[in-house]
Amino acid sequence: MLGTRGVPASYSGFETCVEELGARLVERGHDVTVYCRSHHIKLTDKYYRGMRLVRLPTVQNKYLDTIVHSFLSSLHASFLDLDVALFFIAGNSLVTFIPRLVGKKVVLNVDGLDWKREKWNSLAKRYIRFAEYLATIFPHEIITDSRVVQAHYEDRYGKASTYIAYGGDIEPSPPGRYMRQYGLESERYVLFVGRLVAENCPHHLVEAFQALSTDLGLKCVVVGDAPYAEQYIATLKDVNDPNIVFTGYLFGEGYRELTSNAYLFVETSEVGGTHPALLEAMALGNCVVVNDTAENLETIGEAGFSYQGKRGAESLRDVLAQLLQSPDLVEEYGHKASSRVWKFYSWDKVTDDYEQLFVKLLGQQP
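Counting from 2, one number per residue, gives the positions in the sequence shown under my numbering.
Have a look at this one:
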């Protein structure tokens, strides 16, 4: 598995996918190697959850970090006795031909339409569009975890992809030290989890919450951070409201604890495919409110609420105002959300689908 920061997962959904998929493949008897960025993964063990870890350096730069590491990983992987090289992120398509040159089967999970992200300058966006095109040529197969993104590749490039959903099942965690640390009570806060960058629009929630009446005694909790976004984050945190809490990064136990005990979960992102934090919030029985992108609406189906992303905080405020006064409705949709994830987005089903794709690629019988 190549193209991510590596495991243990401590940054984004791609790393979580690598960890959950890789660990399950190991349990099924496969040998799994995960390439890790040495400056990001500090674990020194050779194996993690049965996966072999290979740490390689890279250039710590917003534009070069990923592609340089993926290039070095591709070269290294070309000399391994492996059957399938599974890359993540469409921007890595440029180097996916390297293991293919030496007879390896190559698969690329392209994720969402990354060129839409505000963090990229015009040159970077042009490169990502070019990389998106290369994704239809260099790998043997591409994977999309959203039907919306799958349709984009079919419509724009005439390229069929394999749809494999993202997993969302996760074990709940009772209230504990993290909630005490941030002064939180169970089901008495609205939660956002994600990278604090402009295209994820956490400002929609902060502004909407500020515009609501505070006599309900609820808090707004923003979990996350981001490299290379200092100015945006500073603006986001420039609020004088003790009921808005910024925790910074939280992973593992802390993340599960806060997500398990929220009153509402809000996904404000305006770009991307299937958002892992949204699925996990649904799996934990949260009523969810999403920015009305096609990808978010695909994820929640009839099991959540949406606001008009183009109207931003104003529209979100109206939806939150209704739900903060309707605990029975919130509980009902929390059950709907959990049922939807366990039916359509389980990691075991995801692993089944990846395994079947690999078997097909290798020309073996199931």
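Don't be surprised by glycine CBs; every beta carbon is placed ideally from N, CA and C.
Is the CB-CB distance between residue i and residue j below 9 Å?
i: residue 280; j: residue 198; result: no
i: residue 105; j: residue 86; result: yes
i: residue 209; j: residue 130; result: no
i: residue 191; j: residue 219; result: yes
i: residue 322; j: residue 282; result: no
i: residue 55; j: residue 69; result: no
i: residue 284; j: residue 144; result: no
i: residue 224; j: residue 249; result: yes
i: residue 290; j: residue 272; result: no
Which residues mark the beginning and the end of the alpha helix (DSSP H) in which residue i is found?
i: residue 257; result: 253 to 261
i: residue 18; result: 14 to 28
i: residue 96; result: Here residue 96 belongs to no alpha helix (DSSP H), and DSSP marks it neither H nor E.
Would you call residue i buried or exposed, if buried means 16 or more other Cβ atoms sit within 10 Å of its Cβ?
i: residue 138; result: exposed
i: residue 45; result: exposed
i: residue 161; result: exposed
i: residue 269; result: buried
i: residue 100; result: buried
i: residue 369; result: In this structure the chain extends from 2 to 367, so residue 369 is not present and cannot be described.
i: residue 243; result: exposed
i: residue 253; result: exposed
i: residue 181; result: exposed
i: residue 151; result: buried
Could you spell out the range, first to last residue, of the beta strand (DSSP E) harbouring residue i?
i: residue 368; result: With the chain covering 2 to 367 only, the question about residue 368 has no answer from this structure.
i: residue 268; result: 265 to 268
i: residue 292; result: 288 to 292
i: residue 106; result: 106 to 110
i: residue 53; result: 52 to 57
i: residue 198; result: Taken as a continuous stretch (DSSP letters only), residue 198 belongs to no beta strand (DSSP E), as it is neither H nor E.
i: residue 306; result: 306 to 308
i: residue 220; result: 220 to 224
i: residue 189; result: That residue, residue 189, is in no beta strand (DSSP E); it is neither H nor E in DSSP.
i: residue 34; result: 34 to 38
i: residue 149; result: Per DSSP, residue 149 belongs to no beta strand (DSSP E); it is in the alpha helix (DSSP H), 148 to 158.
With distance defined between alpha-carbon atoms, name the residue in the options nearest to residue i.
i: residue 294; options: 283, 249, 313 and 232; result: 313
i: residue 135; options: 90, 167 and 122; result: 90
i: residue 10; options: 330, 269, 284 and 251; result: 251
i: residue 102; options: 140, 128, 124 and 125; result: 140
i: residue 53; options: 26, 124 and 67; result: 26
i: residue 111; options: 40, 212 and 149; result: 149
i: residue 221; options: 237, 230 and 227; result: 237
i: residue 308; options: 299, 300 and 320; result: 320
i: residue 3; options: 38, 351 and 178; result: 38
i: residue 241; options: 328, 207 and 274; result: 207
i: residue 16; options: 29, 277 and 306; result: 277
i: residue 36; options: 47, 196 and 29; result: 47
When every heavy atom of the ligand NAP is checked, does at least one fall within less than 8 Å of the C-beta of residue i?
i: residue 316; result: You won't find the ligand NAP in this model; it holds no ligand whatsoever.
Quick test of the definition: if touching needs 3 or more C-beta pairs under 8 Å, does the segment 90 to 106 touch the segment 253 to 268?
no
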